[in-house]
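Protein chains in written order, with the numbering used here: chain E, 1 to 311; chain C, 312 to 622; chain B, 623 to 933; chain X, 934 to 1244. Cβ coordinates follow ideal geometry from the N, Cα and C atoms, glycine included. Notes to accompany the following structure.
Number of protein chains: 4
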Amino acid sequence: MTIPTPLTGVVPPVCTPLTPDHEVDTASLVRLVDHLLTAGVHGLFVLGSSSEAAFLPDGHRKAVLDTVVGHVAGQVPVLAGAIDMATLRVLEHAKAAVAAGADAIVATAPFYTRTHPAEISRHFRLIAEATPLPLFAYDLPGSVHSKLGTDLVLELAADNVLVGLKDSSGDEGGLRSVILGARARDDISGFTVLTGGELTVDSALAMGADGVVPGLGNVDPEGYVRLYRLCAAGDRERARAEQERLCGLFGMVDVGDPARMGRGSSALGAFKTALHLRGVIDCPATAAPQIPLSPDEVELVGKYLAGAGLL
Amino acid sequence: MTIPTPLTGVVPPVCTPLTPDHEVDTASLVRLVDHLLTAGVHGLFVLGSSSEAAFLPDGHRKAVLDTVVGHVAGQVPVLAGAIDMATLRVLEHAKAAVAAGADAIVATAPFYTRTHPAEISRHFRLIAEATPLPLFAYDLPGSVHSKLGTDLVLELAADNVLVGLKDSSGDEGGLRSVILGARARDDISGFTVLTGGELTVDSALAMGADGVVPGLGNVDPEGYVRLYRLCAAGDRERARAEQERLCGLFGMVDVGDPARMGRGSSALGAFKTALHLRGVIDCPATAAPQIPLSPDEVELVGKYLAGAGLL
Amino acid sequence: MTIPTPLTGVVPPVCTPLTPDHEVDTASLVRLVDHLLTAGVHGLFVLGSSSEAAFLPDGHRKAVLDTVVGHVAGQVPVLAGAIDMATLRVLEHAKAAVAAGADAIVATAPFYTRTHPAEISRHFRLIAEATPLPLFAYDLPGSVHSKLGTDLVLELAADNVLVGLKDSSGDEGGLRSVILGARARDDISGFTVLTGGELTVDSALAMGADGVVPGLGNVDPEGYVRLYRLCAAGDRERARAEQERLCGLFGMVDVGDPARMGRGSSALGAFKTALHLRGVIDCPATAAPQIPLSPDEVELVGKYLAGAGLL
Amino acid sequence: MTIPTPLTGVVPPVCTPLTPDHEVDTASLVRLVDHLLTAGVHGLFVLGSSSEAAFLPDGHRKAVLDTVVGHVAGQVPVLAGAIDMATLRVLEHAKAAVAAGADAIVATAPFYTRTHPAEISRHFRLIAEATPLPLFAYDLPGSVHSKLGTDLVLELAADNVLVGLKDSSGDEGGLRSVILGARARDDISGFTVLTGGELTVDSALAMGADGVVPGLGNVDPEGYVRLYRLCAAGDRERARAEQERLCGLFGMVDVGDPARMGRGSSALGAFKTALHLRGVIDCPATAAPQIPLSPDEVELVGKYLAGAGLL
């Protein structure tokens, strides 16, 4: 399908359910996709950070793409992460996404290698040239250790290299600069700005962001869809109340003991545990080397769900 | 072949020559391997950072492994980098290295994902369990954004998870702590410590490091072999003079204009340009999105070579 | 005066005008204070980052405190930064602020020295114990290289160590967590949350922040007061338009050539140049070792002002 | 006294003994100075990081300067740290050092404020212009968050802005580049390079460093003097053995529980506890907000001392 310009709404980064022996659990994945579509989400982002793309071998990635694209069957656009260290490796993932029938590619700046704005620009230009799919830039300095500058994003938008930005930098001032910069320029139109922040959806939409890619949207997609609709309808007070409810639920990302695991293990473990407790996926396992939640931590996730009326 | 315990000597991280259209130039790679073996190096490290592993798709990586392992044919050990973001992806590269006949695996801590010492430990343990080849840890905080702690390295050495460390952290105090810690413990023996630093080989060997993995060793392998032998023979003054000559030659890594490219583009571009000017490889191209050296910068590399009597 | 709990409104971080020979220009400082008070600001923050506190010797700091506190004479609260590396040094500045008659102290976590959450907590507790003035925490990870955690801030608020937070971290999700956390806890009341972000005032206020500390508020205090009032009145659309106008004006912070100066030189140089061009201060000099704007860059600041109708 | 060019030997960064109520314990400080002079050190560095300069108010700093300069009375050169955020504040400390009769000033790049190479250069130039004392640059990226580039250091050396470098960056490759660069240039002579690394003194001296500024030298000055003399005499094997013994003793810096305190609290607490246990100073207190060692941790320091024959 042709992706809308701009793409608007709730586009959850789809978790990747795994079997106990760490294969992709495609049956659970299909149920998760249905769980999201039923809630009314406007698109799906597979193979991003919340999908554990960094942990998944290419075979797993292909299974995810084939399963999701096949099951969605054009009901909503499917954006595919092409997460890898540099251009040629990203292009292989982009090819796989094209082959699977995804609707757009999402790529970060190069990482592992030390990089430079000129190299980041060249990277996106080469990807856009080589793939027939529209390209989103994924700004994620916590993982990639470089920040996409506003001027660079706007230049690449004006040159039709990028159709959009997925901003998970947490820098709302920078997000707004891109939104206003794109609006101010005659040579940019239909550029999509999505925020990755779970806690600031109402304000990002009020600033003019087109949509949101919330990891917590796996757990409570109805909540984010409701929030989006309230914002779209201009009902700010009820939007704020819904957002604040979701902020409370988001507390689950910190259930994991920081002496025992990293914050990623805790957050992804909490999302998958919540999906397991809600009956959407069969097994809450996260990919190695992440540390599993303890029984006490699982119980705490349950309390967050119960508190939000989701159990 | 069985890798020596410890592995000693000069183990250059082999550059990956590319054709102008960015395929692996296997003929040039064979010439480069011969250039290194003729100089008397004691092992080869393929698919590390100086090999542009971060930039190379799996097919390129396989071509490198097959070409080098096949051509070396057991003359010296071949260590294979298995550079990827997390455990399952690293294991795929490890399998490919086993299939190609490499003699050891070299892996970093997880990256892109935020990590934790417990996760780093689990990562190396899972890799070691799953692969029949000996495992080296690659400490490269500039790329990986976490530093391997001395205690963690020693614990993994004592548990036979790691057979060695390739330390490219630039932290010589930490390097020495590992060397002295391994020596002091009864439950560690034959553990290999290699330094990745081009500028401190004489001092690292004097501290007790077993060998060196110098990117500049592609350009002047005779120099590093001579330096290693002088150190082994205890001829400190001539060792220092040779090291200082190599420090001068190393200046080539900064030929690239920092306004136009990152330091990686400059350093790898300089090494490959030097190999091209010396007639070892056919084409100095570096992988996208790296920025090529300008003609003036190429000329400057030539001056470094001429100054060192290498042209 | 007793500081309101919470403190609400626009509290500009007052620039410190300097003479050409780098003394405090108290006459210009008085004019700047009048310029701000006339615009209707609700408080003043002296000796923060925008005041160049890091650059000013103690004698300069005292001159600023005496001048501003004396001239304001209780019309609005004056918050005084006590910016220094660790507890005892901060306490000296706090004493000076008490002596000058300031209404509150603003302090960061320790910096230069590597720190730890337990040390940060102890730092704020010792400052609060030793000073009779209310204490605000200043979260500024770009300068201080540690981030104040939500839990730490709330614990210090509940223990009456902190009366408020000035959040210049740029992390709006974290800001919201503090706001909601403070609201949710019975043991916290009257806690003030101020944002340092110029570009997200409307959204921060919509989230429940009490006020704003905008560096750009030196240049256009009427704009920020208008924005605050529109937000307070619930007129979201006009608030957004005013905020977007101010976002455009904020572009002046990037007039300085990044090849020639750091971003601080550029931003503070632009603010002071704008104040000079608007006739508020006599000399746009910034403190050493900052690099002055070039004539072309000054002209560009003038264009921003003209575009905003401020010339 | 006129400082030698270059300054060579062991120049310990003198700890600052405190009374239980956190005043400078000048009697203990005098004993510590005697402890160091008796051991044969070649100079003293006061008000550096190991002196807790970041924690000490100006009055404390003055007490340290007056006490040490007065007691040393020209027997060895006294270098005085002028540690502060930016130029004008550093100049105040430089003036105090001149007034107290110190022999040289040691200053870092600006910190807290974001900086730029042009601003760092200007900073050192302005300090050198304004003070009659010779100026050393202090490279300490762990505290200052910028690294002094080799080219910048050499340019400032050639322009007679800097007489030396105290390198606590831990980057031995960079240290060597400065040493070789200074030696290679005709426009630089007598430039002093001191390393701050406790663990790599033998190798730094072998590279051509002029001296060493070891925090651990407070605890075991005889050891470092012996090490220096062995290196100077070219007795590499005994130098290495002495260095390795000191590496073992250095393990005391990690006695503090990282769950309870930062690494600075642990290291400075260990040094002061060791001085207390050895009877040199009256009280092991470190300045707020550092966390004191527990009785168990104190006992562990004692074991390190006993193991080294220092109790």
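Original post:
According to the neighbour-count rule (16 or more other Cβ atoms, all chains shown, within 10 Å of its Cβ), is S500 (chain C) buried or exposed?
Top reply: Translated into the one-based positions of the second sequence, residue 500 (chain C) becomes position 189. With a threshold of 16 other beta carbon atoms within 10 Å, S500 (chain C) falls short and is exposed.
Subject >> Short Cβ contact (8 angstroms threshold) for Y1161 (chain X) with V943 (chain X) >> reply: Within the fourth sequence, numbered from 1, the residue matching residue 1161 (chain X) stands at position 228. Within the fourth sequence, numbered from 1, the residue matching residue 943 (chain X) stands at position 10. Contact: yes.
Subject >> Residue-level contact to chain X via CB, M707 (chain B), 8 angstroms cutoff >> reply: Taking the first residue of the third sequence as 1, we reach residue 707 (chain B) at position 85. So yes, M707 (chain B) belongs to the interface.
Subject >> Any beta strand (DSSP E) of 3 or more consecutive residues that is wholly inside the segment 10-55 of chain E >> reply: Unbroken beta strand (DSSP E) stretches of 3 residues or longer found wholly inside the segment 10-55 of chain E: 44-46, given in chain order.
Original post:
What is the C-beta distance between A100 (chain E) and A82 (chain E), in whole angstroms, given that I count them as a contact (C-beta under 8 angstroms)?
Top reply: In the first sequence, the residue the question calls residue 100 (chain E) occupies position 100. In the first sequence, the residue the question calls residue 82 (chain E) occupies position 82. Contact flag wrong, Cβ pair sits at about 12 angstroms.
Subject >> Straight-line Cα distance separating P906 (chain B) from H898 (chain B) >> reply: Position 276 of the third sequence, counted from the start, is the residue given in the question as residue 898 (chain B). Position 284 of the third sequence, counted from the start, is the residue given in the question as residue 906 (chain B). One C-alpha to the other measures close to 6 angstroms.
Subject >> Pairwise C-alpha distance: M883 (chain B) and T195 (chain E) >> reply: Taking the first residue of the first sequence as 1, we reach residue 195 (chain E) at position 195. Taking the first residue of the third sequence as 1, we reach residue 883 (chain B) at position 261. Spanning the two alpha carbons is a distance of roughly 31 angstroms.
Subject >> Between the CA atoms of A581 (chain C) and L611 (chain C) - distance to the nearest angstrom >> reply: Counting from one through the second sequence, the residue named residue 611 (chain C) turns up at place 300. Counting from one through the second sequence, the residue named residue 581 (chain C) turns up at place 270. C-alpha separation (whole angstroms): 9 angstroms.
**OP:** Closer than 8 angstroms by beta-carbon distance: list the chain E residues that pair up with R433 (chain C), in chain order.
**Re:** As a first step, residue 433 (chain C) is located in the second sequence; it is residue number 122 there, counting from the start. Within 8 angstroms Cβ-Cβ: A288, P289 and I291.
**OP:** Return helix, strand or coil for F136 (chain E), following the three-state DSSP convention.
**Re:** Counted from its first residue, the first sequence places residue 136 (chain E) at position 136. Judged by DSSP in its simplified three-state form, F136 (chain E) adopts strand.
Original post:
How is the beta strand (DSSP E) around T1048 (chain X) delimited, first residue to last?
Top reply: Residue 1048 (chain X) sits at position 115 when you count from the first residue of the fourth sequence. First-last for T1048 (chain X): undefined, no H or E at that position.
**OP:** Please report the residue range of the alpha helix (DSSP H) in which K62 (chain E) lies.
**Re:** Within the first sequence, numbered from 1, the residue matching residue 62 (chain E) stands at position 62. Run containing K62 (chain E): D58 to V72, per the alpha helix (DSSP H) assignment.
Original post:
Since K477 (chain C) is in the beta strand (DSSP E), which residue starts that stretch and which ends it?
Top reply: Translated into the one-based positions of the second sequence, residue 477 (chain C) becomes position 166. Per DSSP, K477 (chain C) belongs to the beta strand (DSSP E) from G475 to D478.
**OP:** Would you mind giving the Cβ-Cβ distance between G211 (chain E) and L79 (chain E), rounded to the nearest angstrom? I have them listed as a contact below 8 angstroms.
**Re:** What you label residue 211 (chain E) is simply residue 211 of the first sequence in a count that begins at 1. What you label residue 79 (chain E) is simply residue 79 of the first sequence in a count that begins at 1. Actually they are not in contact, since the Cβ atoms of G211 (chain E) and L79 (chain E) sit about 11 angstroms apart, beyond 8 angstroms.
**OP:** Pick helix, strand or coil for T8 (chain E), following the three-state DSSP scheme.
**Re:** Here residue 8 (chain E) refers to the residue found at position 8 when the first sequence is read from its first residue. T8 (chain E) sits in coil when the DSSP states are folded into three classes, being neither helix nor strand.
**OP:** Classify I105 (chain E) as helix, strand or coil using the three-state DSSP reduction.
**Re:** For the purposes of this step, residue 105 (chain E) is taken as the residue at position 105 of the first sequence. In the three-state scheme derived from DSSP, where H, G and I count as helix and E and B as strand, I105 (chain E) is classed as strand.
**OP:** Please decide whether S454 (chain C) counts as near chain E, where near means a Cβ-Cβ distance under 8 angstroms.
**Re:** The residue given as residue 454 (chain C) occupies position 143 in the second sequence. Yes - at least one Cβ of chain E is within 8 angstroms of the one on S454 (chain C).
**OP:** Give the DSSP-derived three-state secondary structure of T817 (chain B) in the structure shown.
**Re:** Translated into positions along the third sequence, residue 817 (chain B) becomes position 195. Here T817 (chain B) sits in strand by DSSP.
Subject >> For L621 (chain C), three-class secondary structure by DSSP >> reply: Here residue 621 (chain C) corresponds to residue number 310 of the second sequence, with the count starting at 1. Three-state DSSP puts L621 (chain C) in coil, outside helix and strand.
**OP:** Throw me the rounded Cβ distance for the V41 (chain E) and P17 (chain E) pair, which I believe falls under 8 angstroms.
**Re:** Position 41 of the first sequence, counted from the start, is the residue given in the question as residue 41 (chain E). Position 17 of the first sequence, counted from the start, is the residue given in the question as residue 17 (chain E). Not a contact, Cβ separation roughly 17 angstroms.
Subject >> Buried versus exposed, by CB contacts within 10 Å (16 or more), E509 (chain C) >> reply: As a first step, residue 509 (chain C) is located in the second sequence; it is residue number 198 there, counting from the start. The Cβ neighbour count for E509 (chain C), taken over all protein chains shown within 10 Å, is at least 16; the residue is labelled buried.
Original post:
Within 10 angstroms of its Cβ, does P843 (chain B) collect 16 or more other Cβ (buried), or is it exposed?
Top reply: Taking the third sequence and counting its residues from 1, the one referred to as residue 843 (chain B) is at position 221. Per the 10 Å Cβ criterion, buried.
Subject >> Test: L710 (chain B) CB closer than 8 angstroms to a CB of chain F >> reply: The chain labelled as chain F is not found among the protein chains of the depicted structure, namely E, C, B and X.
Original post:
Got a sec: which bits of the segment 1114-1138 of chain X sit with their beta carbon under 7 angstroms from any beta carbon on chain C, in order along the chain?
Top reply: Those residues of the segment 1114-1138 of chain X that come within reach of chain C (Cβ to Cβ, closer than 7 angstroms) are G1130, L1132, T1133 and S1136.
Original post:
What is the DSSP secondary structure of G279 (chain E), reduced to helix, strand or coil?
Top reply: Working through the first sequence from its first residue, we reach residue 279 (chain E) at position 279. In the structure shown, G279 (chain E) falls within a coil segment according to DSSP collapsed to helix, strand and coil.
**OP:** Give a yes or no on whether the C-beta atoms belonging to P368 (chain C) and E92 (chain E) are separated by under 8 angstroms.
**Re:** What you label residue 368 (chain C) is simply residue 57 of the second sequence in a count that begins at 1. What you label residue 92 (chain E) is simply residue 92 of the first sequence in a count that begins at 1. When the beta-carbon positions are compared, P368 (chain C) and E92 (chain E) come within less than 8 angstroms of each other.
**OP:** Rounded to whole angstroms, what's the CA-CA distance from A287 (chain E) to V472 (chain C)? Just pull it up for me.
**Re:** To locate residue 287 (chain E), count along the first sequence from 1; it is residue 287. To locate residue 472 (chain C), count along the second sequence from 1; it is residue 161. C-alpha separation (whole angstroms): 20 angstroms.
Original post:
Would you call the segment 1038-1055 of chain X and the segment 1084-1091 of chain X in contact, with 3 or more CB pairs under 8 angstroms?
Top reply: Because the criterion of three Cβ pairs below 8 angstroms is met, the segment 1038-1055 of chain X and the segment 1084-1091 of chain X touch.
**OP:** With DSSP collapsed to three states, give me the class of A1221 (chain X).
**Re:** If you number the fourth sequence from 1, residue 1221 (chain X) lands on position 288. Three-state DSSP puts A1221 (chain X) in coil, outside helix and strand.
Original post:
With burial defined as no fewer than 16 other Cβ atoms inside 10 Å of the residue's Cβ, what is the status of Q330 (chain E): buried or exposed?
Top reply: Here chain E covers residues 1 to 311 and nothing more, so residue 330 (chain E) does not appear.
**OP:** Could you work out which residue in B:V877, B:A855 and B:Y846 is closest to E866 (chain B) when comparing CA atoms only?
**Re:** Along the third sequence, read from residue 1 onward, the residue named residue 866 (chain B) stands at position 244. Checked all of B:V877, B:A855 and B:Y846; the closest Cα to E866 (chain B) is B:Y846.
Original post:
Taking Cβ positions, are V952 (chain B) and V668 (chain B) nearer each other than 8 angstroms?
Top reply: Past the boundaries of the shown model lies residue 952 (chain B); chain B is included only from 623 to 933, so the question cannot be answered.
Original post:
Near S576 (chain C), which residues of its chain fall below 7 angstroms by C-beta distance, leaving aside the five closest residues on each side in sequence?
Top reply: The residue you call residue 576 (chain C) lines up with position 265 of the second sequence. If we look at S576 (chain C) and ignore the five residues flanking it on each side, its Cβ neighbours are G567, T597, Q601 and I602.
Original post:
With DSSP run on the structure shown, which of helix, strand or coil describes G81 (chain E)?
Top reply: On the first sequence, position 81 is the one that residue 81 (chain E) refers to. In this structure, G81 (chain E) counts as strand in the three-state DSSP scheme.
Subject >> Where M1194 (chain X) meets chain B, residues with beta-carbon distance less than 8 angstroms >> reply: The residue given as residue 1194 (chain X) occupies position 261 in the fourth sequence. Listed by position along chain B, the residues whose Cβ is nearer than 8 angstroms to that of M1194 (chain X) are H738, A740 and E741.
Original post:
Which value, in whole angstroms, describes the spacing of the CA atoms of D1119 (chain X) and D1036 (chain X)?
Top reply: By 1-based counting over the fourth sequence, the position of residue 1119 (chain X) is 186. By 1-based counting over the fourth sequence, the position of residue 1036 (chain X) is 103. Cα to Cα, the separation comes out at about 26 angstroms.
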